[in-house]
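Residue numbers (the working numbering): 15 to 773.
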């Protein structure tokens, strides 16, 4: 809701912009269509030339050079096209980094006249095109403590040349007084219009009357040093963290030791941090009898994952950055807009988890491809579209709200492709205030990422020829305490299934691909195993194994590769990798159904999670590879009937296994099946038509799987199902998490329910 004065300011700004643009057209006729881009400052970029840590990769000296390269090296013929990120900008896009610095603003709010409701905060620059919005709740104090669904705000920004952010806002009671704070780079003393109003306020077109509850006013940006305000908690009381140094708890299921992976839930043995939808919740989880949500933060975008490093909590979120601008051609100027994805990294201090404090915020152009954390260094990969003509797509940038905007150097390979994507690789120390380190490569959308403690490998699938055959380009980078350097590049036939299709050992990269040959009804599949040295040269291969089949699961363990395919009663291949010059199959095993995820029990036994044939139940199996020439199935279980499913089949982080605890937890959604139930085949409890929750097993080589019990989250009669996504344990309490709730069960007492929390 804008005031008349504000409306006049905005209209005047638009008119002045049009006059300036048209005046420039008459005097200069800049650009091929007489566009307005010449009157705006250009984006500053890195130094030209070849970096000492980048080998012989050339670097773009300007965006104009990049555009010429894209035009001359893009194959416009028909054929394979990779996944594009974002919507390309129109031809006359004019984007520049504003000259204003990072300024602070604040707006005081008195909720004495507010009614209990959800409230929207809108911050708009009066003279510039920049805005931000977020949500928080105002609650009735007589209703008691803050409910579990109460929300706290989060910053968001939009605009072209300028930005506005709003620091996270906690929920409040009616009568509270507090200050909304944020940052902006609009010129000093320019005004922001700040509006706080209830989300139920809906003025009509005929009148602005309605049940308005809120506040509005203008404030000015200040050059005063930025002070990050702590984020208030949504808890009724302050929680004091309990030492968990001697407490046993589970961690995220990761592929490589000492390389942490992002997940939707993390714990330190006392608190659980989890994201669902657009919300982060911090839960005082242990002991379970007194578990409660102590803080809730809502984000304008979509939080993807978390990292927990000491007292630092990192939230990685995605949102769309929409930019509006004037598009000027000979016939005149029109208002236009375009959008592209942004990745945001929020770092919170959680020494007091009930009062998380936002200490750093970073916005990166592009969609999040993947990330890892080594010690306290967060490595991230984002991808963004590169224009193929004069689309005007700018080099991707990083906005560090503490240090300003930077444009990483952009490197390229002299090759032709059907589509180009900017892939940015960056690093930030979440425990320090050092600048973000990053480099951008014009290579393609980073589809598969594997990271060892010292190297990062990015696999990008591309067409090998016009027959439908595919190949994968592998790019290797060295990692050293946040320093990123290009190492080598190689190419293999076929495509990778996932990060588990790669493994580093002894300085070599080992990988398995599914090859494709032919097209249409003549299309055929086969598998190939490669070993590449540190320069990405092939030093060993085992070609065209498992003909006619696609890889369904792969796991490297020591000098062996366990490889499964999608074929019914599929063979599990055990492959010897000890001698790169003599790769060979040691043995194979007919598995019931097919394996979708493989996990080592120890050196002699392997666990598989998959599906029964013809989309049947979920299949859990344990097999013995002590005699590699004749591996055997120790035990196998089918859960549910046709259509049953498990989150593990899509995300291995959902798999919880602890050999020392003799604990295996399988999140499942099961469908019942009529008829008799065979031995070792589990139907949903009480013959429910549909059942969701977790099955909990013990597992030993001598006895196979033993069902300890189940944890129910829903069944056919309990409404909309929300499958279990994750499970973890703290001491003897099992926590199973869905998008709707957390259930806490006693591992020492038959999985009796101790407590539950709605999310």
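Note that beta-carbon positions come from the ideal geometry of N, C-alpha and C, so glycine has one too. All figures in this text were calculated on a predicted structure; none of them were measured in a lab.
Residue 563 counts as buried, since at least 16 other C-beta atoms from the protein chains shown sit within 10 angstroms of its C-beta. A straight-line Cα-Cα distance of about 7 Å links residue 448 and residue 442.
In the three-state scheme derived from DSSP, where H, G and I count as helix and E and B as strand, residue 513 is classed as helix. In terms of Cα proximity to residue 461, the closest of 381, 724, 520 is 381. DSSP places residue 85 in the helix class (H, G or I) of the three-state scheme. In the three-state scheme derived from DSSP, where H, G and I count as helix and E and B as strand, residue 78 is classed as helix. Around the Cβ of residue 143, a 10 Å sphere holds 16 or more other Cβ atoms; the residue is buried. With fewer than 16 neighbouring CB atoms inside 10 Å of its own CB, residue 664 falls in the exposed class. Short of 6 Å from the beta carbon of residue 385, and not among the five residues preceding or following it, lie these beta carbons of its own chain, in chain order: 276, 394. Contact check for residue 292 against residue 264 fails: the beta carbons are separated by 9 Å or more. In this structure the stretch 557-571 lies against the stretch 605-623, because at least three pairs of beta carbons, one per stretch, are closer than 8 Å. Between residue 678 and residue 621, the C-beta gap is smaller than 9 Å, which places the two residues in contact.
The beta carbon of residue 506 sits closer than 8 Å to the beta carbons of 485, 486, 488, 525, 527, 542, 544, 546, 552 from its chain, once the five residues preceding and following it are set aside; these are given in chain order. Distance from the CA of residue 387 to the CA of residue 269, rounded to the nearest whole angstrom, comes to 13 Å. For residue 590, the enclosing beta strand (DSSP E) starts and ends at 585-590. CA-to-CA, the gap between residue 763 and residue 676 works out to about 15 Å.
The DSSP assignment places 316-323 as complete runs of the beta strand (DSSP E) inside the stretch 314-338, in order along the chain (cut-off: 3 residues). Each residue's CA atom was taken as its position, placing residue 271 and residue 726 some 32 Å apart. In the structure shown, residue 765 adopts coil according to DSSP, grouped into three states. For residue 505, the uninterrupted beta strand (DSSP E) run begins and ends at 497-507, by DSSP. Assignment of beta strand (DSSP E) within the stretch 420-482, counting only whole runs of 3 or more residues, yields 424-426, 435-443, 451-456, 462-465, 469-477 in chain order.
When C-alpha distances from residue 412 are compared across 426, 452, 67, the shortest belongs to 452. Residue range 381-388 is occupied by the beta strand (DSSP E) that includes residue 387. Within the same chain, Cβ atoms closer than 6 Å to the Cβ of residue 230 are found at 209, the five residues on either side in sequence being excluded. By the criterion of a C-beta distance shorter than 7 Å, residue 592 is surrounded in its chain by 573, once the five residues flanking it on both sides are discounted. In the DSSP assignment, the residues bridged to residue 280 are 287. Sequence-distant Cβ neighbours of residue 642 in its own chain, meaning closer than 6 Å and more than five residues away, are 588, 600, 601.
Here the stretch 648-658 lies against the stretch 616-633, with 3 or more beta-carbon pairs under 8 Å apart.
Residue 682: member of the beta strand (DSSP E) spanning 677-685, first to last residue. For residue 638, the enclosing beta strand (DSSP E) begins and ends at 632-638. CA-CA distance, residue 499 to residue 67, rounds to 5 Å. When C-alpha distances from residue 772 are compared across 121, 756, 370, 531, the shortest belongs to 756. DSSP, read as helix, strand or coil, puts residue 126 in helix. Using a Cβ distance threshold of 9 Å, residue 325 and residue 363 count as a contacting pair.
Assignment of beta-bridge partners to residue 604 by DSSP yields 585.
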